[in-house]
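J.: Pasting a structure below so you can have a look.
Numbering (UniProt numbering), first residue to last: 1 to 610.
Structure below.
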């Protein structure tokens, strides 16, 4: 049982899991009209929704069970998932969503809703939000996936896991597998690396299914150290009372496929869609009266979401006013350098990124997640200029308190996650000053006349379209289509092979990039004061030093997802020790959907891929 600390304080470990950023600089951009970043503001906040008694509040299922995994032997976890669609009202608006182990729907559209009936009678059977996975480092995972969707293929990716020796289980349609066709099944079987423990997540990597709910948390617990007390909760030198996870993602009321089609249209001029709402662990709150009259959706009133201290998810701006916060790890359990203070606010977390936080709950009884206006280039009439989504704590719910508060802390002490560094490395740990290979790319969303001014996500001179029929992994390179940009990385003989991946962003907005199969060190990240254009940084030219200064080879942050700032660049260094075909893409789903992706091919140790 979590213990009560003195002075009304509660301590908990929070996993902020950035749910598959759909938007380019905003949070996880999932669906329709516009986009923008999220802010987290904790403490005494003013709700922009009608306030209801917290006795009616819907609680998130956010509690984790590390004690069930940390002290046992490695095992095989077997899961059986049937993927269907079902009618749900996660924020009060009816929508067909993806669910696991439900019944196959008889219709492909949302039927009229009888609002006089109890809401429990309106939803389809099946698990939504989709199930999360808890395991420990070194476990073997076996998931039998059965596709009972009417007319869609699907594939699942396990974000942040290295998938060593299991490239064919990485779940990218067109790269490592064919989509699981309707009515067919596929078994994902892989071993979690004994060296990996932390916050990960799984999601669909077929079409735009992630945006309609096909995702879940994947938490890998580290084994207890020898002599460590059973039942205690600790990690990264900190002790806490509970482990919780929050999956936070923007939510659209239209199907994601329609949202993408609108974005991929000359009439939208490349303006990313803005969300209608926001979900936390599958629960949201929408203000029905704000719906424009032309939006024909079924909308019913819902209650304020609530939870005990929890966390996780997308490109977010997390501001927790009234709590003391310490960052423990980023992405898949990668440690950060010790901080000399605690914070009341945590800065931007980009789509696909994760942050583990140690939170001391002070006197705050609620927090809000705010849709920040930084990337709000268009307006959603159903949202206010600064849209707030209130959340209250479970212990306040039990007391029957209301979720609205009256004031905000005007000057939260904010930590900018970009300024974090990693733990100190020994000399030469990253292969020395120069890598063995350099892969240099330039990326930009272009609207070109010969493509009808439809947005295309270029990397160098190529925009990605998935390989049809057989995936790249089983197709000779000479048969790959012209939209496959796949640099080949040969291995050095009798030593590690270090690679610098240089990503130049020529866009006016930033892009979060994720590399499958690897974790990397961010040895340089630079956001210039003026746009450098296509001459941002040429790592091949040794006569000119990097505009952002010398590389950090002593204490770089280790991650698997990185934000490339607008008009800037990042340099990522990794040891090419995991052979195979590994996808590299913008984690804004809409940008990936118009081609902002490529693949790296790392040579096998004995022979190369054909």
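Idealized CB from N, CA, C, for every residue including glycine.
Considering only the beta carbon of each residue, do residue 558 and residue 521 sit closer than 8 Å?
T.: In contact: residue 558 and residue 521 (Cβ atoms closer than 8 Å).
J.: Contact defined as beta carbons within less than 8 Å: I believe residue 435 pairs with residue 498. What is the distance between those atoms, to the nearest angstrom?
T.: 4 Å between Cβ atoms; contact.
J.: When the Cα atoms are used, what is the spatial distance from residue 83 to residue 258?
T.: Looking at the two C-alpha atoms, the distance is approximately 21 Å.
J.: Which residues in the same chain have their Cβ closer than 6 Å to the Cβ of residue 492, if we skip the five residues on either side of it in sequence?
T.: Only 436 meet the Cβ criterion.
J.: Mind the definition here: the stretch 443-459 touches the stretch 586-602 only if three or more C-beta pairs lie below 8 Å; say whether that holds.
T.: The answer is yes - the stretch 586-602 touches the stretch 443-459, with three or more Cβ pairs under 8 Å.
J.: Closer than 8 Å is the cut-off here; do at least three beta carbon pairs connect the stretch 93-100 with the stretch 175-183?
T.: With a cut-off of 8 Å, the stretch 175-183 and the stretch 93-100 do not count as touching, because too few Cβ pairs lie within range.
J.: CA-CA distance, residue 406 and residue 272?
T.: In this predicted model, residue 406 has a pLDDT of only 31, less than 50, meaning its place in the structure is not dependable; the value taken from the coordinates is given anyway. The straight-line gap from Cα to Cα measures roughly 34 Å.
J.: Among residues of its own chain, excluding the 5 on either side of residue 500, which ones have a beta-carbon nearer than 6 Å to its beta-carbon?
T.: Hits under 6 Å: 435, 438, 571, 573.
J.: Please report how far the alpha carbon of residue 156 lies from the alpha carbon of residue 477, in whole angstroms.
T.: Whole-angstrom Cα-Cα distance: 24 Å.
J.: Going by DSSP, what residue range makes up the alpha helix (DSSP H) through residue 263?
T.: Where residue 263 is concerned, the enclosing alpha helix (DSSP H) stretches over 256-263.
J.: Does residue 341 come out as helix, strand or coil in the three-state DSSP assignment?
T.: Coil.
J.: Can you look up residue 419 in the DSSP assignment and give me helix, strand or coil?
T.: The answer is helix: DSSP assigns residue 419 an H, G or I state.
J.: Among the residues of its own chain, which have a CB less than 6 Å from the CB of residue 144, if the five just before and after it don't count?
T.: 80, 187, listed in sequence order.
J.: Just list the beta strand (DSSP E) runs in the UniProt domain "Plastocyanin-like" (126-224), keeping only unbroken ones of 3 residues or longer that don't cross its boundaries, in chain order.
T.: Qualifying beta strand (DSSP E) stretches, in chain order: 133-136, 140-147, 156-159, 185-191, 198-204, 215-221.
J.: Look up residue 267 in the DSSP assignment and say whether it is helix, strand or coil.
T.: In the structure shown, residue 267 sits in a helix (DSSP, three-state: H, G or I).
J.: How should residue 151 be labelled, buried or exposed, when 16 other C-beta atoms within 10 angstroms of its C-beta is the threshold for buried?
T.: It is exposed - the Cβ of residue 151 has fewer than 16 other Cβ atoms within 10 Å.
J.: Would you report the Cα separation of residue 269 and residue 263, rounded to the nearest angstrom?
T.: Roughly 8 Å between the two C-alpha positions.
J.: Taking the Cβ atom as the reference point for each residue, do residue 343 and residue 415 lie within a distance shorter than 8 Å?
T.: Yes, Cβ-Cβ distance for residue 343 and residue 415 is below 8 Å.
J.: Could you tell me the distance, in whole angstroms, from the CA atom of residue 213 to the CA atom of residue 353?
T.: So the alpha carbons of these two residues sit roughly 18 Å apart.
J.: Going by C-alpha to C-alpha distance, which of 222, 513, 552, 250 sits closest to residue 585?
T.: Checking every option, the nearest Cα to that of residue 585 belongs to 513.
J.: Where DSSP assigns a beta bridge to residue 330, which residues make up the other side?
T.: Beta-bridge pairing links residue 330 to 334, 355.
J.: Give the secondary structure of residue 653 by DSSP, where H, G and I count as helix, E and B as strand, and everything else as coil.
T.: The requested residue 653 is not part of the displayed model; the chain covers only 1 to 610.
J.: Under a three-way DSSP split, which group does residue 457 fall into?
T.: In the structure shown, residue 457 sits in a strand (DSSP, three-state: E or B).
J.: Please classify residue 337 as buried or exposed, where buried requires at least 16 other C-beta atoms within 10 Å of its C-beta.
T.: Under this definition residue 337 is an exposed residue.
J.: Would you tell me roughly how many angstroms separate the C-alpha atoms of residue 112 and residue 244, rounded to the nearest one?
T.: Confidence at residue 112 is low in this model, with a pLDDT of 39, below 50, so its placement is unreliable and the value that follows should be read with caution. Between residue 112 and residue 244, the C-alpha separation is close to 37 Å.
J.: Which word fits residue 327, buried or exposed, when buried means at least 16 other C-beta atoms lie within 10 angstroms of its C-beta?
T.: Buried, since its Cβ has 16 or more Cβ neighbours within 10 Å.
J.: Run the CB neighbour count on residue 419, radius 10 Å, all protein chains shown included, and call it buried at 16 or more, exposed below.
T.: By the 10 Å Cβ count, residue 419 comes out exposed.
J.: Quick check: what's the CA-CA separation for residue 469 versus residue 173?
T.: One C-alpha to the other measures close to 10 Å.
J.: Is residue 66 helix, strand or coil by DSSP?
T.: Correct three-state label for residue 66: helix.
J.: List the residues that DSSP assigns as beta-bridge partners of residue 296.
T.: Residue 296 pairs with nothing; no bridge assigned.
J.: Can you tell me where the beta strand (DSSP E) holding residue 501 begins and where it ends?
T.: From DSSP, the beta strand (DSSP E) with residue 501 extends over 498-505.
J.: Residue 296: buried (16+ other C-beta within 10 angstroms of its C-beta) or exposed?
T.: Under this definition residue 296 is an exposed residue.
J.: Compare the Cα-Cα distances from residue 332 to each of 351, 341, 356 and report the closest residue.
T.: Taking only the C-alpha atoms, the option nearest residue 332 is 356.
J.: Here's the rule: buried if 16 or more other CB atoms are within 10 angstroms of the residue's CB, otherwise exposed. What is residue 632?
T.: Since the first residue of the chain shown is 1 and the last is 610, residue 632 is not available in this structure.
J.: Put residue 445 into one of helix, strand or coil per three-state DSSP.
T.: In this structure, residue 445 counts as strand in the three-state DSSP scheme.
J.: Below 8 Å between beta carbons: does that hold for residue 141 and residue 351?
T.: For residue 141 and residue 351, no; Cβs fall outside 8 Å.
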